[in-house]
Structure formats: C-alpha cells, structure tokens
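In the numbering used here, the protein residues as written are 724 to 875.
The beta carbon of each residue, even a glycine, is placed where N, CA and C say it ideally should be.
Here it is as structure tokens:
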C-alpha cells in the first residue's frame with residue numbers, strides 16, 4: 724500500500740479491526756520509509772445485479788422490493804417479520820450466489836414462491852396469484868390442485 728505522505732510503496736499493518744458491521748476491515752498502517760501512520764479500508768466489491776423485467780426494462784436489484792411483496796402476501800397471516808427477513812435474505816443470497824449480473828424477475832419470483840411455500844401456503848398462493856397473474860379461476864384451481872398433489 725502506497726504511503727499517502729511520502730509515496731513509498733511499502734508499509735506494515737499495525738492494527739486491523741472490523742468496521743461497518745463486518746463488511747469492512749479498517750487497517751492502521753505504518754510506512755517503512757517515513758514512519759508515519761495512516762488508515763486504509765478494505766471492503767467487499769459489490770457488483771450490482773440488474774433485474775430484467777418482463778417488458779425488457781432493467782433496474783437494479785432491490786431486496787426491499789422483494790420484502791414489500793412478501794409483506795403484502797403475508798398480511799393477516801401468522802408470519803413474523805423475522806421469517807420475512809429470513810426469506811428475503813435467502814432469496815438475496817441465491818441471487819448473488821448465482822454470479823449473474825442480470826436475473827429475470829421471473830427467476831426472483833420463483834425463488835420467493837419456493838421460500839414462501841416452506842412457511843405459509845396461503846401467503847404462497849397469494850404471492851403466486853399476483854406473480855403468475857392467473858387469468859381465471861381454473862388456472863388458480865390448477866395451482867391449488869398441484870399444491871394438494873405435492874403435499875400428499
């Protein structure tokens with residue numbers, strides 16, 4: 724690391740501490756040439772993930788939007804905020820672990836439904852009804868029958 728005072732390219736780390744809730748490492752360094760101390764920060768490089776909507780538009784992935792959709796589907800259901808946060812965290816982790824720079828909104832919806840199904844079937848059906856935009860009652864019944872068949 725180059726010294727900010729004299730420009731010498733070698734220094735030693737004197738102290739390292741976690742910062743920013745573990746997302747950053749703060750390092751105190753000492754220059755071998757001038758002996759002055761300075762601080763550097765090491766952070767995880769976040770590459771933004773873009774969501775490709777059904778109309779082709781692209782926007783940055785926002786976990787808060789996922790959370791808002793889940794909250795709507797869980798209204799008046801016995802699903803705690805902690806569970807909702809767990810679902811959002813699981814979906815977010817899967818999206819970033821996919822190592823893709825672009826993911827479809829359909830992919831995100833499928834991940835959310837997969838997680839919701841584990842916790843509350845009614846919330847799952849509510850989310851699916853909006854996400855899959857059922858055209859009529861028969862398509863809605865097909866989804867319910869599929870759930871019933873998989874449950875047995």
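Hey, would you say residue i sits closer than 8 Å to residue j, going by beta carbons?
i: residue 734; j: residue 765; result: no
i: residue 838; j: residue 853; result: no
i: residue 756; j: residue 726; result: yes
With distances taken from CA atoms, which of the options is nearest residue i?
i: residue 749; options: 825, 779, 740; result: 740
i: residue 777; options: 768, 825, 738, 813; result: 825
i: residue 850; options: 779, 811, 793, 758; result: 793
i: residue 874; options: 846, 751, 841, 861; result: 841
i: residue 736; options: 784, 756, 806, 761; result: 761
i: residue 846; options: 728, 751, 803; result: 803
i: residue 781; options: 729, 828, 807, 724; result: 828
i: residue 729; options: 785, 758, 810; result: 758
i: residue 784; options: 816, 795, 807, 809; result: 816
If you draw a straight line from the C-alpha of residue i to the C-alpha of residue j, how long is it?
i: residue 871; j: residue 763; result: 57 Å
i: residue 767; j: residue 745; result: 10 Å
i: residue 779; j: residue 830; result: 14 Å
i: residue 844; j: residue 805; result: 17 Å
i: residue 801; j: residue 867; result: 20 Å
i: residue 743; j: residue 732; result: 27 Å
Over the uninterrupted alpha helix (DSSP H) stretch that includes residue i, give me the two end residues.
i: residue 849; result: 844 to 854
i: residue 727; result: Residue 727 -> no alpha helix (DSSP H), and no H or E assigned at all.
Assuming residue i is part of the beta strand (DSSP E), what are its boundary residues?
i: residue 825; result: 825 to 827
i: residue 735; result: 734 to 742
i: residue 774; result: 773 to 775
i: residue 748; result: 747 to 754
message = So, does the region 780 to 794 touch the region 832 to 846, judging by three or more C-beta pairs under 8 Å?
response = yes
query: At a cut of 8 Å, does the region 764 to 773 reach the region 820 to 829 through at least three beta carbon pairs?
result: yes
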